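What follows is one structure encoded as structure tokens, with my remarks underneath.
Numbering (the working numbering), first residue to last: 7 to 1135.
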């Protein structure tokens, strides 16, 4: 269902049997092809009167029957309790955005699907056995972690097709997560469980093998079981026994599956890798294991690159004296240097009859797989996983969380080097047919073609592939028959909000489930759920049986924290291979937070239990004492056209530059603002260059949507970013390259050659020696300024006539430049100076002439023209610099003057009262234009200044022809009484809901933060600055920070009075700032002679940027030309 803002909310699968939907300001819902729709706000409520539920449910069921949009909803029937939409940034409260914002799920499962899911069936069984009400997933999960023994016992019993022997009790020995052991008296066979014929018969499809240049091969369960049994029988005759280890270098095909299951059937342990891995990476993984046999594809293919595969296999074999033989999976020839026996897989299978093999069971914790960490920070860790824990965890994730059933088809984009290959393999135990593909991405639509051609039901991929498809303008639902596809999974990196929208729009109304866990647990901590809604950017739920929490400093966090698990779980590794005393195992997972598993990721939970991943905790960047998560930056960059991929890393002090001081001595100059150490690496789409416009967009969006601390000091365009063999980005390798040191383990990378290119690019930008001296002449000044700008912007050459703003300059870079100039010359160049003299030549002229030549007025000519001027007041930034795009979009020929705040030049103290500001601005305005009519406007806080200027001019007897407030808010305490009560009521309800969903430790920190917030609000009302910074003020230079804090005080203390000079034009964003009260009731009261309201689709920060700025400019043009054809409120 599409609306005017272009968002598809995906409510075609909505059922209201147990929920109520509150729709505020809903005009209508029409057919998808309608051109104009209103913008609704949906809120799922947990409680509502039954009669109201029935009434609204009936309307929605009729309107959304079978996912269609057949009828319009009556207007005005949804006037239930309006919920609060508070966030921390505007109330100074420490509640994370996902906990407080009014959120619309992008997908809601139908009641029929919920009722028929295996999650519902298991819950009913467990509820009956436990005698406890498990009416929703929250209660089910709480039971599964509180009574985890009962949960795992019940789940194993529920899986009636899994054959075991021995005793189920005890379920778990020990309470210590580091040492607890599950089912110590139970035995099972992993291979037999995957190939059992109870859940699906011998004729059921088991495996489809796809190739880039060969026919598709299909195997039934019976055929696969027979081949596994035959190979296992022959391997046993070759001497392979339980407890042995084998190494495998395999392509993702049927042979890989057969070999793995045959080895597992004998109780031997499998360690696998992919053919594209380099020789060093293979050696690092396999040599410590002393494997008995090596299984490998040995034939080279046209799509292979680098050293021929046969040579790598030969080198690997020669380095492992423990080897007794090599099994070739494809009969490719090996070099003559190989002296070990080489067996053909086909011949080994043919040597034995499947009936000759005796299937045996092994202890629950018997070693099954040895997985490897990425190895980018040192030698890979060899992580040993037990058969029972792996099987039980995968059964739970496949059957309950993914709702996979016998006969369904699963395809996951993976290789044998990644745990998702093992994860997909285990789906055989649920009667699922798995699809494999051993080729490259020949075209961007390769994977969609596989899914369509094979009728895949569940398709797993990565955010990188989804972004590739989006950038290629792919339309999978239109180009392919995806009628069988019912769900998508994504892992390997953070999945961004916009990617959920893309899938909804271009793939269909299906759940896109973000899953996250890792090789360490061979499973997921957070993942999907067939019974729950999907929120964009979030995993649906915590995994059953795992008490996953977000911790900060050893206790539950409010908001983002380290991902920890606090209870024992079966898929915890048995340990590290070779770590006999467990010291390395302990240091890796349990030392940081004693008594809990620490995973190394950052996570944030909503009150509903959904989770947002924020990247690796060891990737957090520290900018001036402020922690910046790379995922926050990537989320914003993902929305900028032209950027294919991005990576942000920090650099050490060795990367600093030197600059010339006034005395000629060198001092430190970093390439980043205020000695920032952040370097942003961008991979751009074909044909896109790192232009001034793109740099400006990157910096502007990061400041606007995050904070100044998120803005990188240096931006570099590179051809590729380092990735591991499992496709995950390696910030550690890029950091080493940026800092000019050798990569700690280049062999762990799929593309180590990109490091040299990154190293060279960084060196060119970071090691250019000292800046020239400013000198005394204009030519010397220009030479110095050009060099300074080239350092700051990260590209060149820059000419003397280049415009600072056209190159991508903003207030942050302006403040940085002013600091450098002051250090070098002793002179001050303010933001006001820069706006009137934005070129190198103009600034050099000011510096040559001396301080007296620099204009000191707060009023700046932003655009020349004819007629009476338009005066534009600054926002909380203190500058009208951010409104340059809006001014440029104006078509009216009048001149435009900007009013900048005192204090931007760094010498005067900023004013803290709107009335004082307006008084000074009025004096300057009347010097330029002694008498009216006056035209005034202000964006955001600037609207309050413009209003007060108009009030003072009116009292002086002057006429005001136009007053425009562009999305201007007021302190909520000045709202009319009824509006204030509604606002506070929503706020209290929302905070209570958030409080109820917290753990006791979180509540303590929450209350402490609330008290601190209350102190700050009191200080603001008394005219003092707050102790804590607003999120968007973090990282600001001192000059800009002082101005921002002064504006914050001014806004908190200004009460708008009735305005009688004329009508007010109020241009507002359709999406209100989260946590702010609706100012419309106040403006309706203030505007005694009429309030003209124009709504602009978008948010507050978008109003002065295109395309929204064009709409705002058109409204201003109409008002300035005397056209009153605007909407009366």
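Glycine residues also receive a C-beta, built at the ideal position from the N, C-alpha and C atoms.
Because the structure is a prediction, the values reported are computed rather than measured.
- Residue 744 has its alpha-carbon roughly 21 Å from the corresponding atom of residue 795.
- In this structure, the beta-carbon distance from residue 252 to residue 299 falls below 8 Å.
- DSSP places residue 519 inside the beta strand (DSSP E), whose first and last residues are 518-520.
- Runs of the beta strand (DSSP E) lying entirely within the region 254-289, each at least 3 residues long, are 275-279 in chain order.
- The straight-line gap separating the alpha-carbon atoms of residue 145 and residue 290 is approximately 45 Å.
- Sorting 826, 771, 830 by C-alpha distance to the C-alpha of residue 803 places 771 at the top.
- Rounded to the nearest whole angstrom, the CA to CA distance from residue 902 to residue 496 is 50 Å.
- Under DSSP, residue 1013 shares a beta bridge with no residue.
- DSSP places residue 349 in the uninterrupted beta strand (DSSP E) bounded by 348-350.
- Beta bridge pairing from DSSP links residue 603 with 571.
- Distances from the CA of residue 820 to each of 718, 226, 837, 461 were compared; the closest alpha carbon is that of 837.
- Judged by DSSP secondary structure, residue 388 falls within the beta strand (DSSP E) whose first and last residues are 388-392.
- By the neighbour-count definition (other C-beta atoms within 10 Å, threshold 16), residue 141 is an exposed residue.
- Closest option to residue 961, judged by alpha-carbon separation, among 286, 976, 937: 937.
- Membership of residue 414 in any alpha helix (DSSP H) is not indicated, and neither H nor E is assigned to it by DSSP.
- Between the alpha carbons of residue 1123 and residue 898 lies a distance of about 6 Å.
- By the Cβ neighbour-count rule, residue 214 is buried, with 16 or more other Cβ atoms within 10 Å of its own.
- Residue 789 and residue 934 have their C-alpha atoms spaced approximately 36 Å apart.
- Distance between residue 396 and residue 403, taken at the CA atoms: about 11 Å.
- Cβ-Cβ separation between residue 1062 and residue 976: approximately 6 Å, consistent with a contact (criterion under 8 Å).
- By the CB criterion at 8 Å, residue 257 and residue 459 fall outside the cutoff.
- Comparing C-alpha distances from residue 551 to each of 358, 595, 651, 400 shows the shortest one belongs to 400.
- In this structure, residue 653 keeps its C-beta atom at 8 Å or more from the C-beta atom of residue 522.
- Closest in C-alpha terms to residue 807, from the list 779, 827, 850, comes 850.
- With respect to the 8 Å criterion, residue 754 and residue 730 are classified as neighbours on the basis of their beta carbons.
- Here the alpha carbon of residue 941 sits roughly 14 Å from the alpha carbon of residue 972.
- A direct Cα-Cα distance of roughly 22 Å separates residue 545 from residue 561.
- The beta carbon of residue 594 lies closer than 6 Å to none in the same chain, with the five residues before and after it left out.
- Secondary structure remark: continuous beta strand (DSSP E) runs of at least 3 residues inside the region 794-881, in chain order: 865-869, 876-879.
- Rounded to whole angstroms, residue 170 and residue 365 show a C-alpha spacing of 12 Å.
- Short of 7 Å from the beta carbon of residue 358, and not among the five residues preceding or following it, lie these beta carbons of its own chain, in chain order: 236, 239, 240.
- Spanning the alpha carbons of residue 998 and residue 610 requires a straight line of approximately 19 Å.
- Minimum Cα-Cα distance from residue 792 among the listed residues 778, 157, 840 corresponds to 778.
- Contact between the region 319-328 and the region 191-207 is not established, with fewer than three Cβ pairs separated by less than 8 Å.
- With a cutoff of 8 Å on beta-carbon distance, residue 376 and residue 275 are scored as near each other.
- Bridge pairing for residue 652: 688 [DSSP].
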